[in-house]
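Colleague: Same order as they appear, the protein sequences are chains X and A. Under this note's numbering, read the first sequence as residues 2 to 242, first letter to last. Under this note's numbering, read the second sequence as residues 2 to 242, first letter to last. By construction, the Cβ of each residue, glycine as well, lies at the ideal position given by its N, Cα and C atoms.
Protein chains: 2
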Amino acid sequence: MIVREITSATNQLIKDLVKLKQTRNAKELNQIIIEGKDLIDMAYENGLLDMVLTSNRSYSYDVQTIICPSFILEKLSSNKSISDIIGVAHLSLDNKGLGNRIVYLDGVQDPGNVGTIIRTALAFSYDSIILSLDSASIYNEKVIQATKGALFSIPVFLDVSLQELKEKGYQIIVTALRNASDYKTLTPNDKFVLVLGNEGQGVKEENIDIADEVVKISMGNIDSLNVAVAGGILLNHYKKE
Amino acid sequence: MIVREITSATNQLIKDLVKLKQTRNAKELNQIIIEGKDLIDMAYENGLLDMVLTSNRSYSYDVQTIICPSFILEKLSSNKSISDIIGVAHLSLDNKGLGNRIVYLDGVQDPGNVGTIIRTALAFSYDSIILSLDSASIYNEKVIQATKGALFSIPVFLDVSLQELKEKGYQIIVTALRNASDYKTLTPNDKFVLVLGNEGQGVKEENIDIADEVVKISMGNIDSLNVAVAGGILLNHYKKE
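Written out as structure tokens, the structure reads:
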């Protein structure tokens with residue numbers, strides 16, 4: 002473990018790291034700033050932690066370690082209450098294969114929803130997540146925080162088309178309100194993709210058109226659930242028993 | 002419908018309304034700023050809309066209507082992309098009775114989670130919501146937005162104790178990870194309270210102690226679900242069929 006000390010916020014490394022707070026830059030370099038001990042531990046356990054910056058010499062992650070004053074941590078942090086450690090990690094994209102049980106986000110735009118669904122998919126042992134290009138980015142800091150580290154354990158793919166998955170033999174299960182069956186009446190095939198749609202518009206028409214099954218959750222008063230909540234109910238129900 | 006025009010942001014009414022963006026002031030006056038046509042419509046339908054401010058004379062809510070330029074709407078808005086109308090509404094607290102099926106939030110702190118759970122409770126026809134004093138406030142603007150208007154339709158109570166509910170004959174069902182049964186093994190009584198806990202700490206020990214039933218959701222990889230997602234799964238399962 003390489004330890005060095007940085008005391009100035011104008012240090013080039015610090016300036017480069019601050020840029021990672023922009024989703025665009027994080028994506029380009031496949032490198033993200035992570036906050037919170039849990040998130041750092043999960044990145045570390047998955048071999049995806051590149052560096053830590055800390056004002057506390059007692060941490061012992063076996064990665065490049067920068068000792069720095071807390072005003073530098075503050076510059077890197079997006080939280081109001083900052084901790085004594087910040088991590089730099091990368092994502093391992095596309096490397097484990099899609100697996101059999103896939104969650105597909107079709108234009109889910111709220112970062113909290115995207116992150117929460119990734120967390121839920123890991124909790125219920127799904128094999129991978131696919132994000133359409135118009136979904137919130139996996140490099141968005143709010144997405145990263147909301148995953149609670151799940152993004153380091155479950156493979157995340159970007160922009161795979163449903164048509165392609167259908168041709169590969171996956172059953173396409175789409176959520177929609179119209180012409181849909183109650184989700185409980187369906188037992189998915191071994192290989193399936195569950196498609197969750199945009200907060201306002203739902204799943205895109207062209208994706209509903211190629212669906213093998215269209216399901217909905219029956220409600221009482223209002224036909225409206227948050228997409229991460231609806232996703233949670235479905236991912237739980239269709240999980241491998 | 003009373004229509005008047007205001008053109009200056011230093012107008013006393015506008016200054017007073019801007020203050021409602023602070024949770025503290027909104028709570029004190031029981032008056033909230035609401036944004037988005039859906040939210041305004043739901044407040045109106047429930048007789049809880051007090052006033053609208055708009056730059057567009059074509060709206061016809063039968064409430065006090067202030068015609069004003071968009072820079073004034075911008076001052077009142079918390080969104081980046083503002084619309085041409087903003088509403089002022091109040092909440093109808095405690096007036097419909099607790100009912101038989103209650104959701105109790107014990108220190109749930111993320112405003113998005115609190116709002117989302119309120120929305121879910123309405124979707125699955127629960128009778129009321131109770132927020133402990135250390136939960137995010139129902140007057141917090143992010144809570145309000147996340148409810149998508151559900152807070153105008155489902156009674157919200159503040160700070161009722163679980164002990165009190167137990168004495169009134171409600172079955173207390175608490176979520177926790179330790180010493181808990183799978184939620185599917187339980188069929189709730191007619192009168193019950195489902196207790197959801199803080200994002201980090203879960204339900205308080207003293208509340209677990211008085212529980213009649215302790216339930217959990219079985220997971221695979223990690224014992225961790227977002228509380229609004231866990232709540233969604235449980236509220237759906239325990240809803241009235």
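Going by DSSP in three states, Lys220 (chain A) sits in which element: helix, strand or coil?
Modeller: Counting from 1 along the second sequence, the entry for residue 220 (chain A) is found at position 219. Before going on, a small fix: residue 220 (chain A) reads as Met here, not Lys. Met220 (chain A): coil per DSSP, three-state reduction.
Colleague: For Leu30 (chain A), collect the residues of the same chain with a Cβ closer than 6 Å to its Cβ; drop the 5 residues on either side in sequence, then sort them by chain order.
Modeller: By 1-based counting over the second sequence, the position of residue 30 (chain A) is 29. If we look at Leu30 (chain A) and ignore the five residues flanking it on each side, it has no Cβ neighbours.
Colleague: Whether or not the stretch 52–61 of chain A and the stretch 78–97 of chain A are in contact is what I'm after, with contact meaning three or more pairs of Cβ atoms, one per stretch, closer than 8 Å; do they touch?
Modeller: Yes, they touch.
Colleague: Would you identify the three-state DSSP class for Leu187 (chain X), choosing helix, strand or coil?
Modeller: Along the first sequence, read from residue 1 onward, the residue named residue 187 (chain X) stands at position 186. Correct three-state label for Leu187 (chain X): coil.
Colleague: For a contact meaning CB atoms closer than 9 Å, what does Gly108 (chain A) contact in chain X?
Modeller: Locating residue 108 (chain A) in the second sequence gives position 107, where the first residue counts as 1. The contacting residues do not exist; Gly108 (chain A) stays about 17 Å from chain X at best.
Colleague: Can we say the stretch 106–114 of chain X touches the stretch 190–205 of chain X, given the rule of at least three CB pairs closer than 8 Å?
Modeller: Output reads yes: the stretch 190–205 of chain X touches the stretch 106–114 of chain X.
Colleague: Quick check: the Cα distance between Val194 (chain A) and Leu163 (chain A), rounded to an integer number of angstroms?
Modeller: Counting from 1 along the second sequence, the entry for residue 194 (chain A) is found at position 193. Counting from 1 along the second sequence, the entry for residue 163 (chain A) is found at position 162. Using only the alpha carbons, I get a separation of about 8 Å.
Colleague: One question on the structure: do Leu18 (chain X) and Ile35 (chain X) come within less than 9 Å of each other, judged by their Cβ atoms?
Modeller: Residue mapping note: residue 18 (chain X) aligns to position 17 of the first sequence, counting from 1. Residue mapping note: residue 35 (chain X) aligns to position 34 of the first sequence, counting from 1. Contact flag unset, no.
Colleague: Which of the residues in the stretch 220–231 of chain X, read from start to end, lie with their CB under 7 Å from any CB of chain A?
Modeller: Residues Met220, Gly221, Asn222, Ile223, Ser225, Leu226, Asn227, Ala229, Val230.
Colleague: Rounded to the nearest angstrom, what separates Ser61 (chain X) and Val4 (chain X) at their Cα positions?
Modeller: Within the first sequence, residue 61 (chain X) is the residue found at index 60, counting from 1. Within the first sequence, residue 4 (chain X) is the residue found at index 3, counting from 1. Distance between the alpha carbons of Ser61 (chain X) and Val4 (chain X): 10 Å.
Colleague: Could you tell me whether the stretch 62–69 of chain A touches the stretch 165–176 of chain A, using the rule of 3 or more Cβ pairs below 8 Å?
Modeller: No: fewer than three Cβ pairs fall under 8 Å.
Colleague: Let me see if you follow: with CB-CB separation under 9 Å, is Phe153 (chain X) close to chain A or not?
Modeller: Here residue 153 (chain X) refers to the residue found at position 152 when the first sequence is read from its first residue. Not one chain A Cβ lies under 9 Å of Phe153 (chain X).
Colleague: Spell out a yes or no on whether the stretch 209–227 of chain X and the stretch 113–122 of chain A are touching, meaning 3 or more CB-CB pairs, one atom from each, closer than 8 Å.
Modeller: Yes: the two stretches touch, three or more of their Cβ pairs being nearer than 8 Å.
Colleague: So Phe125 (chain X) contacts chain A; which residues on that side make the cut at Cβ distance below 7 Å?
Modeller: Looking up residue 125 (chain X) in the first sequence gives position 124. Those are Met220, Gly221, listed as they occur along chain A.
Colleague: Along the chain, where does the beta strand (DSSP E) that runs through Tyr105 (chain X) open and close?
Modeller: As a position in the first sequence, residue 105 (chain X) is number 104, starting the count at 1. Run containing Tyr105 (chain X): 102–107, per the beta strand (DSSP E) assignment.
Colleague: So which residues on chain X does Asn237 (chain A) lean against when the C-beta distance must stay under 8 Å?
Modeller: Position 236 of the second sequence, counted from the start, is the residue given in the question as residue 237 (chain A). Ordered by position in chain X, the residues that pass the 8 Å Cβ test against Asn237 (chain A) are Ile218, Ile234.
Colleague: Between the C-alpha atoms of Ile234 (chain X) and Pro70 (chain A), what's the straight-line distance to the nearest angstrom?
Modeller: Taking the first residue of the first sequence as position 1, residue 234 (chain X) is located at position 233. Taking the first residue of the second sequence as position 1, residue 70 (chain A) is located at position 69. About 44 Å.
Colleague: In whole angstroms, what separates the C-alpha of Asp51 (chain X) from that of Thr188 (chain A)?
Modeller: Counting from one through the first sequence, the residue named residue 51 (chain X) turns up at place 50. Counting from one through the second sequence, the residue named residue 188 (chain A) turns up at place 187. So the alpha carbons of these two residues sit roughly 48 Å apart.
Colleague: Mind checking who Asn199 (chain X) pairs with in its DSSP beta bridge?
Modeller: Counting from one through the first sequence, the residue named residue 199 (chain X) turns up at place 198. BP columns for Asn199 (chain X) point to X:Gly203.
Colleague: Taking the alpha helix (DSSP H) that Gly232 (chain A) falls in, what are its first and last residues?
Modeller: Indexing the second sequence from 1 puts residue 232 (chain A) at position 231. Looking at the DSSP string, the run of the alpha helix (DSSP H) that includes Gly232 (chain A) is 228–238.
Colleague: With a Cβ-Cβ cutoff of 9 Å, do Lys149 (chain A) and Gly116 (chain A) count as a contact?
Modeller: Stepping through the second sequence from its first residue, residue 149 (chain A) is reached at position 148. Stepping through the second sequence from its first residue, residue 116 (chain A) is reached at position 115. In this structure, Gly116 (chain A) lies closer than 9 Å to Lys149 (chain A) by Cβ.
Colleague: State the start and end residues of the unbroken beta strand (DSSP E) segment that holds Ala27 (chain A).
Modeller: Locating residue 27 (chain A) in the second sequence gives position 26, counting from the first residue. First-last for Ala27 (chain A): 24–30, but that is the alpha helix (DSSP H), not the beta strand (DSSP E).
Colleague: Val104 (chain A) and Leu236 (chain A): beta carbons closer than 9 Å?
Modeller: In the second sequence, counting from the first residue as 1, residue 104 (chain A) sits at position 103. In the second sequence, counting from the first residue as 1, residue 236 (chain A) sits at position 235. Against a cut-off of 9 Å, the Cβ pair of Leu236 (chain A) and Val104 (chain A) comes out as a contact.
Colleague: Helix, strand or coil for Ala90 (chain A)? Go by DSSP, reduced to three states.
Modeller: Locating residue 90 (chain A) in the second sequence gives position 89, where the first residue counts as 1. Correct three-state label for Ala90 (chain A): strand.
Colleague: Use the C-beta contact count for Met2 (chain A): other C-beta atoms within 10 angstroms, 16 or more gives buried, fewer gives exposed.
Modeller: If you number the second sequence from 1, residue 2 (chain A) lands on position 1. Its Cβ having fewer than 16 others within 10 Å, Met2 (chain A) is exposed.
Colleague: Could you list which residues in chain A have their beta carbon closer than 7 Å to that of Lys149 (chain X), in chain order?
Modeller: Walking along the first sequence from the start, residue 149 (chain X) turns up at place 148. Within 7 Å Cβ-Cβ: Ser225.
Colleague: Please confirm if Ile188 (chain A) has its CB atom under 9 Å from at least one CB of chain X.
Modeller: One-based indexing of the second sequence puts residue 188 (chain A) at position 187. For the record, residue 188 (chain A) in the displayed sequence is Thr; it is not Ile. Answer no: the Cβ-Cβ gap between Thr188 (chain A) and chain X never drops below 9 Å.
Colleague: Using only alpha-carbon positions, find the residue among A:Ile7, A:Asp107, A:Phe125 that is nearest to Lys241 (chain A).
Modeller: Residue numbering aside, residue 241 (chain A) sits at position 240 when the second sequence is read from its first letter. The option with the nearest alpha carbon to Lys241 (chain A) is A:Phe125.
Colleague: Taking the beta strand (DSSP E) that Ile174 (chain X) falls in, what are its first and last residues?
Modeller: Looking up residue 174 (chain X) in the first sequence gives position 173. Its beta strand (DSSP E) spans residues 172–176.
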